[in-house]
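Student: Residues -13 to 178, numbered by my numbering, are exactly what the sequence shown covers, in order. Idealized CB from N, CA, C, for every residue including glycine. Just so you know, these numbers come straight off a predicted model, no measurement behind them. The structure under discussion is supplied below as structure tokens; questions concerning it will follow.
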Amino acid sequence: MNSDDKPISDDPFALVDPQLWLITSATENRRSGLIATFVKKASIVPDCPRFVIGLAHQHETCRLIEESGSCVLHLFSREQSNWVEQFGVPSGSQTDKFKSTSTQTIKTGAPVLSDAICAFDCQVERSWEIGDRSLFLLQVVETKMLNPGFPLRFSDMWNMVSTELRQTLSTLLVRDQQIDRQAIKIWRGEID
Ligand SMILES: Cc1cc2nc3c(=O)[nH]c(=O)nc-3n(C[C@H](O)[C@H](O)[C@H](O)COP(=O)(O)O)c2cc1C
């Protein structure tokens, strides 16, 4: 609610303002990473930490997680907002997205970006297909605090990026929505 006690938006979905995550994964000779909002802490047990993430099948990072069984989840701040364009626009199947970024590994071997706020090194416990996405249940095997900072949220990013990038992200969103709509309807048996 704002100071007039009126809703900020008429669209309930517009009130959902998730944090942005950078998810990386690698096999012996391939690596990639993407920006994701579909990341949820999935356990309250300190000694059994878990996340659930949802990634679209067409993304290189999704394929790498399926192959390697591991990934790293990062939170990052507005100082690293350039990662949205670097990791959230191109596909890692065509380009090495890690150029000019400093990386390390912790336990699983998936790449950790040293400039992130923190990293959760994870192994896949189980996965499910839901049409447009693979859901991965992740066991956190190691965590690392890397740098101080406040995790970037979707609305912060949207307000700070250039008009050009906002336009690019909108175009990609429409493309991905079309792919996902088709995949959901096939999965539901609504179309062949
Ligand atoms: C703000 C934002 C949020 C995104 N959230 C997700 C997500 O939750 N799941 C997903 O599969 N893709 C998501 N994407 C799309 C991927 O980050 C993007 O398509 C990426 O380029 C895929 O790279 P890859 O093919 O190298 O894996 C998001 C992109 C942006 C810009």
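Counting pairs of Cβ atoms below 8 Å between the segment 52 to 59 and the segment 72 to 83, do you hit three or more?
Tutor: no
Student: For VAL126, which of LEU41, PHE37, VAL147, LEU1 has the nearest alpha-carbon?
Tutor: In the sequence shown, counting from the first residue as 1, residue 126 sits at position 140. Of the candidates LEU41, PHE37, VAL147, LEU1, the one whose C-alpha sits nearest the C-alpha of VAL126 is PHE37.
Student: Quick check: what's the CA-CA separation for ARG167 versus LEU20?
Tutor: Stepping through the sequence shown from its first residue, residue 167 is reached at position 181. Stepping through the sequence shown from its first residue, residue 20 is reached at position 34. Distance between the alpha carbons of ARG167 and LEU20 is about 21 Å.
Student: Less than 6 Å between C-beta atoms, sequence neighbours within five positions excluded: which residues of the same chain meet that for MET131?
Tutor: Walking along the sequence shown from the start, residue 131 turns up at place 145. Cβ neighbours of MET131 beyond the five flanking positions: CYS104.
Student: Would the segment 81 to 91 count as touching the segment 17 to 36 if we require 3 or more Cβ pairs under 8 Å?
Tutor: yes
Student: Reducing DSSP to helix, strand and coil, say where VAL2 ends up.
Tutor: Translated into positions along the sequence shown, residue 2 becomes position 16. Of the three classes helix, strand and coil, the one that applies to VAL2 here is coil, per DSSP.
Student: I think LEU8 touches ALA102, with their Cβ atoms under 8 Å apart; what is that distance to the nearest whole Å?
Tutor: Position 22 of the sequence shown, counted from the first residue, corresponds to residue 8. Position 116 of the sequence shown, counted from the first residue, corresponds to residue 102. About 7 Å; that satisfies the 8 Å criterion.
Student: Could you check where the beta strand (DSSP E) with ARG112 kicks off and where it finishes?
Tutor: As a first step, residue 112 is located in the sequence shown; it is residue number 126 there, counting from the start. From DSSP, the beta strand (DSSP E) with ARG112 extends over 104 to 115.
Student: Quick one: does the C-beta of ILE51 sit closer than 7 Å to a heavy atom of ligand 1?
Tutor: As a working note, residue 51 is residue 65 in the sequence shown. No.
Student: How would you label CYS48, buried or exposed, when you count the other beta carbons within 10 angstroms and need 16 or more for buried?
Tutor: For the purposes of this step, residue 48 is taken as the residue at position 62 of the sequence shown. Under this definition CYS48 is a buried residue.
Student: To the nearest angstrom, how far is the alpha carbon of ASP162 from that of GLY78?
Tutor: Taking the sequence shown and counting its residues from 1, one reaches residue 162 at position 176. Taking the sequence shown and counting its residues from 1, one reaches residue 78 at position 92. Their backbone Cα atoms lie some 16 Å apart in a straight line.
Student: Should HIS45 be counted as a contact of ligand 1 given a C-beta to heavy atom distance under 7 Å?
Tutor: Taking the sequence shown and counting its residues from 1, the one referred to as residue 45 is at position 59. Under cutoff, so the answer is yes.
Student: Look at the alpha carbon of GLY40 and the alpha carbon of ASN68, and state the distance between them as a whole number of angstroms.
Tutor: Working through the sequence shown from its first residue, we reach residue 40 at position 54. Working through the sequence shown from its first residue, we reach residue 68 at position 82. Cα to Cα, the separation comes out at about 23 Å.
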